[in-house]
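Numbering (my numbering), first residue to last: 14 to 108. We put the CB at the ideal spot given by N, CA and C, even for glycine.
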């Protein structure tokens, strides 16, 4: 695996790792967002770091679903998908 930092700046990394924070990072989809406190899982996507202003990497949501669909998984959130696709391992091998 390449030796890259997890996020664009240490402040963002610190805030995402806090347990009671409004920021959200979905590793397997490489998505950043702000939680919407409606009792559900809603969030607003974030495209730039709130602290350093760096452009965040694009989401891999479509690629994740398309890849799993091509592997025969039509409902990957409910099916037993390969372990790499439950984390960032699948895309870290590619990028």
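Determine which residues share a DSSP beta bridge with residue i and list them.
{"i": "residue 68", "result": "61"}
{"i": "residue 56", "result": "48"}
Mapping the DSSP letters down to three states, classify residue i as helix, strand or coil.
{"i": "residue 98", "result": "helix"}
{"i": "residue 86", "result": "coil"}
{"i": "residue 73", "result": "coil"}
{"i": "residue 93", "result": "coil"}
Compare the C-alpha of residue i against each of the options and name the closest.
{"i": "residue 75", "options": "21, 24 and 43", "result": "43"}
{"i": "residue 48", "options": "66, 65 and 29", "result": "29"}
{"i": "residue 139", "options": "60, 40 and 67", "result": "With the chain running from 14 to 108 in the structure shown, residue 139 is simply not present."}
{"i": "residue 103", "options": "78, 91, 92 and 87", "result": "78"}
{"i": "residue 55", "options": "64, 45, 61 and 92", "result": "45"}
{"i": "residue 57", "options": "71, 73 and 36", "result": "36"}
{"i": "residue 105", "options": "50, 86, 73 and 23", "result": "73"}
Which same chain residues end up closer than 8 Å to residue i when comparing Cβ atoms and leaving out the 5 residues on each side of it in sequence?
{"i": "residue 81", "result": "89, 94 and 98"}
{"i": "residue 101", "result": "40, 41 and 43"}
Note down, in chain order, each residue of its chain lying with its Cβ closer than 7 Å to the Cβ of residue i, except the 5 sequence neighbours on either side.
{"i": "residue 59", "result": "45, 46, 47 and 69"}
{"i": "residue 21", "result": "62, 65, 67 and 69"}
In chain order, what residues of the same chain have a beta carbon less than 6 Å from the beta carbon of residue i, not counting five sequence neighbours either side?
{"i": "residue 26", "result": "19 and 20"}
{"i": "residue 38", "result": "29 and 45"}
{"i": "residue 34", "result": "28"}
*Residue ranges of each alpha helix (DSSP H) within the stretch 21-51, 4 or longer*: Listed in chain order, they are 23-30.
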